[in-house]
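Position in the sequence shown (from 1) plus 2 gives the number in my numbering.
In what follows, a structure is listed as structure tokens, so that the remarks can point back to it.
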Amino acid sequence: WCVRLVKGAYWDSEIKRAQELGLSGYPVFTRKPNTDVSYLACAKQMFEAGAELIYPQFATHNAHTIA
3 WCVRLVKGAY WDSEIKRAQE LGLSGYPVFT RKPNTDVSYL ACAKQMFEAG AELIYPQFAT
63 HNAHTIA
């Protein structure tokens, strides 16, 4: 299986949609450092799953994350 991990792709639209629906919270992190930590934790889990289970793909515009 290919699994693509993308960071921040739908942030603006998710915040707007939650506000329009009158939700009490947001389905995304509202602080960038929390998004960064979560992305790295998910990436680590994907690598630890092993190549026999998934083929991880990553997308981000953050140069520090890519490194």
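The C-beta atom is built at its ideal place from N, Cα and C for all residues, glycine as well.
Remember, it's a predicted structure, so these values are computed and weren't measured experimentally.
Burial state of residue i (16 or more Cβ within 10 Å)
i	result
Y57	exposed
K9	buried
Alpha-carbon to alpha-carbon, residue j and residue i
i	j	result
K46	L23	33 Å
A20	G52	35 Å
A61	S26	29 Å
S15	E54	35 Å
A65	I17	24 Å
W3	A11	21 Å
R33	H63	16 Å
Contact check, residue i vs residue j, beta carbons under 8 Å
i	j	result
S2	F49	Nothing can be reported for residue 2, as the shown portion of the chain is limited to 3 through 69.
Bridge partners - residue i, DSSP secondary structure assignment
i	result
H61	Just to set this straight, residue 61 is Ala in the shown sequence, not His. Note: A61 sits in a beta bridge opposite V8.
Chain D contact for residue i (CB, 8 Å cutoff)
i	result
H63	Checking the listed chains, one finds no chain D in this structure; it contains a single protein chain.
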